[in-house]
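*Asks:* First, the structure itself, so that you have it in front of you.
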Amino acid sequence: MEIRRIENKLEIQKALELIWETFLQFEAPDYSEEGIKSFKDFIDDEAMVNTLEFFGAYENGIRYTPMKYER
Numbered sequence: 030m031e032i033r034r035i036e037n038k039l040e041i042q043k044a045l046e047l048i049w050e051t052f053l054q055f056e057a058p059d060y061s062e063e064g065i066k067s068f069k070d071f072i073d074d075e076a077m078v079n080t081l082e083f084f085g086a087y088e089n090g091i092r093y094t095p096m097k098y099e100r
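To convert, take the position in the sequence shown, counting from 1, and add 29; that gives this note's numbering.
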């Protein structure tokens, strides 16, 4: 398995979609509606997203899961 940076805007969008789906499945049940909206607003904020670096785990060229870290 290889960890590499995701730089392509389309791939970042796919990563954000996966982040949102994962949040809804595993985290949102413990959040208030306000907290869920706040998280969604955060990942939809293009200026904020542009301050982050995204990484994905790849095997045989297939991305498994994105990880994000602040620059």
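Each residue gets a CB set at the ideal place from its N, CA and C atoms; glycine is no exception.
#1: With DSSP run on the structure shown, which of helix, strand or coil describes residue 31?
#2: Could you round the C-beta distance between residue 9 and residue 71 to whole angstroms and report it? I think they count as a contact, below 8 Å.
#3: How is residue 64 classed by DSSP in three states: helix, strand or coil?
#4: Taking the alpha carbon of residue 42 as the reference point, which residue from 91, 73 and 86 has its own alpha carbon closest?
*Replies:* According to the data block:
#1: strand
#2: Outside the displayed span of the chain (30 to 100) sits residue 9, for which this structure offers no information.
#3: helix
#4: 73
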